[in-house]
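Q: Going from the sequence shown to the working numbering is simple: count from 1 and add 1241.
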Amino acid sequence: MCYYIGIQDLVANALIELVDNNKEGKVSFKELNEYGAKVLDVLNEKGERAVLVLSRDYTNRFIHNCTEYFEIESHDDEKYVCLKEGITTDKLRDVFRSYTTYQVLQAFVDAKSLEVLGITA
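(1) Enumerate in chain order the residues of its own chain whose CB-to-CB distance from A1352 is below 7 angstroms, with the five nearest sequence positions on each side excluded.
(2) I need the straight-line Cα distance from Y1291 to I1248, nearest angstrom please.
(3) Would you grab the beta carbon distance between I1246 and V1345 for me? Rounded to a whole angstrom, and I think it's under 8 angstroms.
(4) What span of residues does the beta strand (DSSP E) with I1246 cover, start to end?
(5) Go through its chain and collect everything with a Cβ distance to E1319's Cβ below 6 angstroms, but skip five positions before and after it.
(6) Could you tell me which uninterrupted alpha helix (DSSP H) segments, each at least 4 residues in length, are contained entirely in the region 1320 to 1352, listed from first to last along the chain?
(7) Assuming F1337 and A1253 make a contact with CB atoms under 8 angstroms, what is their CB distance in whole Å?
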């Protein structure tokens, strides 16, 4: 089986972990790319195949379709996806993790993946 991981999956899971670990509710696109690459590494180490779906078109659709949960901000020439005020990590879990397979979820929360976001055990 091959898993397809979209930007909405990366954003939601990164922000869940960042907020739950008392970090800011924002993540840069650079961090998302690094997080996604590490998630793929973790899955590959376990013999799972996965592909990141991060094309410009797909990312633009994400930005348009997920305005209820996220907003884009720019700081110091870097773009960030930020959690909108009033949106909880429980809400993100309900919306974005309910369809995630166990293998992919484990890769999102693996210590190696979280380290990319500055989260250590």
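Glycine residues also receive a C-beta, built at the ideal position from the N, C-alpha and C atoms.
A: With the structure as the only source:
(1) A1362
(2) The amino acid at residue 1291 is misidentified as Tyr; the sequence shows Ala. Near 13 angstroms, if we compare the C-alpha coordinates of I1248 and A1291.
(3) 7 angstroms
(4) 1243 to 1247
(5) S1269
(6) 1330 to 1333, 1343 to 1349
(7) 4 angstroms
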